[in-house]
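Sequential numbering from 1 applies to the sequence shown in this note's numbering.
Backbone N, C-alpha and C define an ideal beta-carbon position, used for all residues, glycine too.
Structure first, then comments.
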Amino acid sequence: MDLSTTLGQSPSTDLPGPTNIHRNEPSPSHDPFKYSQGLAGVDQPSNYLFANILIATALLPAVLTLCFRVIIAAKNYRRQVSAMTSCKGQDFWKKDRHPYWGLLKRHFLYAPIRSDRSLNKTTKPSNTKPVDQVTLPQLAIIIIYFISNIAYCLAVPAQPTPQMVAAFRGRSGALATLNLILTVLFALRNNPFIYLLQVSYDTFNLFHRWMARLVVLESTAHISAFLYNTYHTTHDGAEGWKNIGWLLSQSSSFQCGLVGFLALILLMVHSIRLLRHPFYETFLTLHRIGIATAISGVYFHLAKHALPQLPWIYLVIALLVLEPSARVLLILRHNLSWEGRAWTRVSLEALPGDATRVTFALPRSWNAKPGSHVHIYLPRLSLLGSHPFSVAWSQSSGYAKIMSEELPSTIDDLRVEDGPSTVTCIVRSRQGMTQSLYKLALQTEKDQVHLWGAIEGPYGGHHSFDSYGTVVLFAGGVGITHQLSFIRHLLDAHNSNMAATQKIVLVWCVANLDALEWVQPWLDQIVTVPSFHEVVQIRLYVTRTTSPISHAMLLPTYLDVRQQRCQVQELLDEEVLAQIGAMAVSVCGPRGLSGSVRAAVRQRVRLRSIDFFEEAFSY
């Protein structure tokens, strides 16, 4: 990022007068600071070349992932059709046809960067926020991209030191600006690559954090190169920090660039996990202010002289404006009914175990895929803040346009009219907004608390288990909300012969039996679905209850309650021995449980066809 303003007249007659460095014009030859500013010594053709190579480097994993998704989708469709039509089809898909596929899943696709032993210390639910474990494919992408950036920054032509430093300054500044685009793109909830590649927002959020660190690193290199050349420039007896101070005082471009750089540093410091998770609402507010400051500083740093990287900043600004605008339109679409002049109403109900049942009564129809989540808005508790929660249960009241008992005569008679819907989430009280939400729900013991609110979404729901004969769902604590929708969907699909699923096992690890009240009304509804007892098994592991569980406690008969920690490997081995068709293993819960399930799956992927799915929010 180069000097982009007109330098004022030096107080000394020997210092250079005002210089105009517009666009691609080099600094005047008599300017002693020409290698500290402008495009003198900057290798612009190579900057564009390496920028294009970096774009290709970033797109390569996306293309490979897209091809992988297409192949897997075709395989799943073929498996679903064959498994639904014959029992032999289930047996055929019980094992992977290619031995290398199990090796690839065990040692690369499902392999975490930390050992399974360190992740497998505990499987009990904890109060820590679920965090996605970085896998080897993610680590490989990050390392390759980092090494590429470092190599391209250092690939400057051999020439005298001032010119080399100037070329390094231009290269690092150009790549930092380019990576700023990806940093912002990966942070967006409606990132188009999420839908195209069927990759979770959690993964892109991981890439966002590492891309931001790379931007800070390259910005530091950019400023260091400027400081080096300026410090070592001698003119009229002035050198060192005096030269640096004079340039900063005369150039609004440098001043804006410095403000943007300091904002980037503060963004990186306050985004570390120890500060981000405990004070998430404060983090969001400071993050938004920091982003606005950083982007403004970089923009004016470039715009003063319309440097070649300025269009890249226009793209960053466009992303930051258009995506939130689209989200506002989606919120209005789902939460506002113009015909009925109604807005979404929210009811709160305090539950045992410091949890709150939050039910959104939407004035319009709303549908979501299994495993979806939403961002909820409760202005009474947080004016502009939104928080992600899994959809535990949803029900739409859309109705067919048939006003009599006569058979429909036209296609229009079958059209489903827009009707009200309900969306329910279970929110566990932690800190900040969730704690305030629970306290508000406790205000009245008998009646529910009602207030205004909105939901944004649905998001997620990329995974389909319809082609698997056996589905094993692990949940830890409030993670049950993610898995519940899969049971409902798969059971309906099984009864309508639209899925290959013949066996569903839900394993729920909770601290005490109070958690059962969170979802028991919905479990009671699922039990009434035909084929429930033939297809579904529910195992409840209670880990912290000291008194023995008595059968006289009137527990539902469909629950297999065990007062012990879940031995994940033993349980999974038991299901592998009785496996029907291909197996899907999904987990949503604390890090200990997720690590245990991942380790157990990796131990058996070479024996049977087992696919692993993990859901975790690492905001």
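Roughly how many whole angstroms lie between the Cα atoms of residue 493 and residue 91?
Roughly 20 angstroms between the two C-alpha positions.
So what does DSSP say about residue 537, is it helix, strand or coil?
Three-state DSSP puts residue 537 in a strand.
Using a Cβ-Cβ cutoff of less than 7 angstroms, which residues in the same chain neighbour residue 427 once the five nearest sequence positions on both sides are dropped?
Result list for residue 427: 355, 356, 358, 389, 434, 437, in chain order.
For residue 200, is the classification buried or exposed, using 16 other Cβ atoms within 10 angstroms of its Cβ as the cut-off for buried?
The residue is buried, with at least 16 neighbouring Cβ atoms inside 10 Å.
Okay, do the stretch 564 to 575 and the stretch 456 to 465 touch, 3+ Cβ pairs below 8 angstroms being the bar?
No: the two stretches stay apart, fewer than three of their Cβ pairs being nearer than 8 angstroms.
I need the straight-line Cα distance from residue 153 to residue 219, nearest angstrom please.
Each residue's Cα considered, the two are about 11 angstroms apart.
Over the uninterrupted beta strand (DSSP E) stretch that includes residue 348, give me the two end residues.
Here the beta strand (DSSP E) through residue 348 covers 345 to 351.
Between residue 144 and residue 56, what straight-line distance do the alpha-carbon atoms span, to the nearest angstrom?
Roughly 13 angstroms between the two C-alpha positions.
Between which two residues does the beta strand (DSSP E) containing residue 428 stretch?
That run of the beta strand (DSSP E) goes 421 to 428.
If you measure between the beta carbons of residue 188 and residue 329, is that distance less than 8 angstroms?
Against a cut-off of 8 angstroms, the Cβ pair of residue 329 and residue 188 comes out as no contact.
Of all the alpha helix (DSSP H) runs that stay within the bounds of the stretch 277 to 324, which reach a length of 4 or more residues?
Correct list: 280 to 303.
Closest to residue 518 by CA distance: which of 139, 530, 480, 266 is it?
Of the listed residues, the one whose Cα sits closest to residue 518 is 480.
Please report the straight-line C-alpha distance between residue 26 and residue 180, rounded to a whole angstrom.
Below a pLDDT of 50, predicted positions are generally treated as unreliable, and residue 26, at 49, falls in that range; no measurement from the model is reported.
Does the Cβ of residue 112 have 16 or more other Cβ atoms within 10 Å, making it buried, or fewer, making it exposed?
Buried, by the Cβ-count rule.
So is residue 344 buried or exposed if we call it buried at 16+ other beta carbons inside 10 Å?
So residue 344 counts as buried.
Pick helix, strand or coil for residue 503, following the three-state DSSP scheme.
Correct three-state label for residue 503: strand.
According to DSSP, is residue 372 helix, strand or coil?
If DSSP states are grouped into helix, strand and coil, residue 372 belongs with the strands.
Rounded to whole angstroms, what is the Cα-Cα separation between residue 303 and residue 260?
Cα to Cα, residue 303 sits roughly 13 angstroms from residue 260.
For residue 566, does the three-state DSSP call read helix, strand or coil?
In the structure shown, residue 566 sits in coil (DSSP, three-state: anything other than H, G, I, E or B).
Take every Cβ of the stretch 272 to 284, pair it with every Cβ of the stretch 227 to 234, and state whether three or more of those distances are shorter than 8 angstroms.
Segments in contact, no.
For residue 118, which residues of its own chain have a beta-carbon under 6 angstroms away from its beta-carbon, when the five flanking residues on both sides are left out?
Note that residue 118 has pLDDT 49, beneath the 50 cutoff, so the model's placement of it is unreliable and the number below is only indicative. Excluding residues within five positions, none has a Cβ falling inside 6 angstroms.
For residue 582 and residue 467, which I take to be in contact (beta-carbon distance under 8 angstroms), what is that distance rounded to the nearest angstrom?
Their Cβ separation, rounded to whole angstroms, is 7 angstroms, which keeps residue 582 and residue 467 in contact under 8 angstroms.
Verify whether the separation of the beta carbon atoms of residue 626 and residue 515 is less than 8 angstroms.
No answer is possible for residue 626: it lies beyond the span of the chain, which begins at 1 and ends at 619.
Under a three-way DSSP split, which group does residue 193 fall into?
Of the three classes helix, strand and coil, the one that applies to residue 193 here is helix, per DSSP.
Tell me the start and end of each unbroken beta strand (DSSP E) in the stretch 556 to 603 that is at least 3 residues and wholly inside, in chain order.
Counting only runs of 3 or more, we get 559 to 562, 583 to 588.
Residue 367: buried (16+ other C-beta within 10 angstroms of its C-beta) or exposed?
Classification for residue 367: exposed.
Rounded to whole angstroms, what is the Cα-Cα separation between residue 521 and residue 314?
Going by the C-alpha atoms only, they are around 51 angstroms apart.
Give the straight-line distance between the Cα atoms of residue 488 and residue 535, rounded to the nearest whole angstrom.
Taking the straight line joining both Cα atoms gives about 12 angstroms.
Return the CA-CA distance between residue 83 and residue 470, expressed in angstroms with no decimal places.
For residue 83 and residue 470, the distance between alpha carbons rounds to 11 angstroms.
In whole angstroms, what is the alpha-carbon distance linking residue 108 and residue 606?
Computed Cα separation, rounded: 13 angstroms.
Tell me, which residues are paired with residue 455 by DSSP?
Note: residue 455 sits in a beta bridge opposite 376.
Figure out for me which residue from 291, 140, 538 has the closest Cα to the Cα of residue 523.
For the residues 291, 140, 538, the minimum Cα distance to residue 523 belongs to 538.
Buried or exposed: residue 110, going by 16 or more other Cβ atoms within 10 Å of its Cβ?
That one is buried.
Our contact map puts residue 616 next to residue 484 with C-beta atoms below 8 angstroms; I'd like the distance itself, whole angstroms only.
Actually they are not in contact, since the Cβ atoms of residue 616 and residue 484 sit about 17 angstroms apart, beyond 8 angstroms.
Which residue comes first and which comes last in the beta strand (DSSP E) that contains residue 465?
Careful: residue 465 lies outside any beta strand (DSSP E) and carries neither H nor E.
Can you say whether residue 350 is buried or exposed, counting buried as having 16 or more other CB atoms within 10 angstroms of its CB?
The residue in question, residue 350, is buried, as its Cβ has 16 or more Cβ neighbours within 10 Å.
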